[in-house]
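Q: If you're matching positions, the sequence shown starts at 1 in full-length UniProt numbering and goes up one per residue.
Sending over a structure as structure tokens; questions will come in a sec.
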Amino acid sequence: MESREFVIPFSGLKIGSHRFDFKVDNSFFESFDYQDFNSSKIDVEAQLTKTSTMMELELEANGQVNVDCDVTGEPFDMPTAGKLHLVVKFGEEYDDLDDELLIIPHGESQLNIAQYVYEMLVLAVPQKRVHPGIEDGSLKSEVLDKLKELKPKEEKNNNDIDPRWDDLKKLLTDK
Numbered sequence: 001m002e003s004r005e006f007v008i009p010f011s012g013l014k015i016g017s018h019r020f021d022f023k024v025d026n027s028f029f030e031s032f033d034y035q036d037f038n039s040s041k042i043d044v045e046a047q048l049t050k051t052s053t054m055m056e057l058e059l060e061a062n063g064q065v066n067v068d069c070d071v072t073g074e075p076f077d078m079p080t081a082g083k084l085h086l087v088v089k090f091g092e093e094y095d096d097l098d099d100e101l102l103i104i105p106h107g108e109s110q111l112n113i114a115q116y117v118y119e120m121l122v123l124a125v126p127q128k129r130v131h132p133g134i135e136d137g138s139l140k141s142e143v144l145d146k147l148k149e150l151k152p153k154e155e156k157n158n159n160d161i162d163p164r165w166d167d168l169k170k171l172l173t174d175k
């Protein structure tokens, strides 16, 4: 992805630490053809520390994404946060095979961090997305009502258990 928004021009920066702030919304994820979020509003802070031979990049993100609950399908806002540390060195050719080390060619003057921001944010959101109202009981939903209705009934007492199970339990204790 070639987004000018997420480019850090480092060639004119003095040695030391520099801060860059970025805003991420759904158009950012759509540019990667990622459509799992209904909406998103995330602030990303990039701290670039430049030395004479290399750079270190610290990314930190905080915000929320609106996703559909995996249980009920109800949309909800899920808080999200992520961190990423990246060492940037200069070399003969571009190499990003290592997750924590980026090698860029000598003579480069800027760094596009869009791919790193994207990966950090997508990985920060859990695979299983459950509405917080399910856990605390505050969500009222037809889907939840139906799930409760279809839930297997618990045994009232041990007298209702099929006596064949008792014979099988004896096999466990007879050794």
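Even glycine gets a Cβ: it sits at the ideal position worked out from N, Cα and C.
Exposed or buried, what is M54 when buried is set at 16 or more other beta-carbons lying within 10 Å of its beta-carbon?
A: In summary, M54 is exposed, with fewer than 16 beta-carbon neighbours lying within 10 Å of its beta-carbon over all protein chains present.
Q: Drop a sphere of 10 angstroms on the beta-carbon of S109, count the other beta-carbons inside from all chains shown, and report buried for 16 or more, exposed for fewer.
A: exposed
Q: Quick check on this structure: which residue in K169, T51, D68 and F22 has the alpha carbon closest to the alpha carbon of G12?
A: T51
Q: Expressed to the nearest angstrom, what Euclidean distance is found between the alpha-carbon atoms of K23 and I161?
A: 60 Å
Q: Compare the C-alpha of L84 against each of F29, G107 and A46 and name the closest.
A: For L84, the closest alpha carbon among the candidates F29, G107 and A46 is that of A46.
Q: Please state whether DSSP places N26 in a helix, a strand or coil.
A: helix
Q: List the endpoints of the continuous alpha helix (DSSP H) containing V122.
A: A114 to A124
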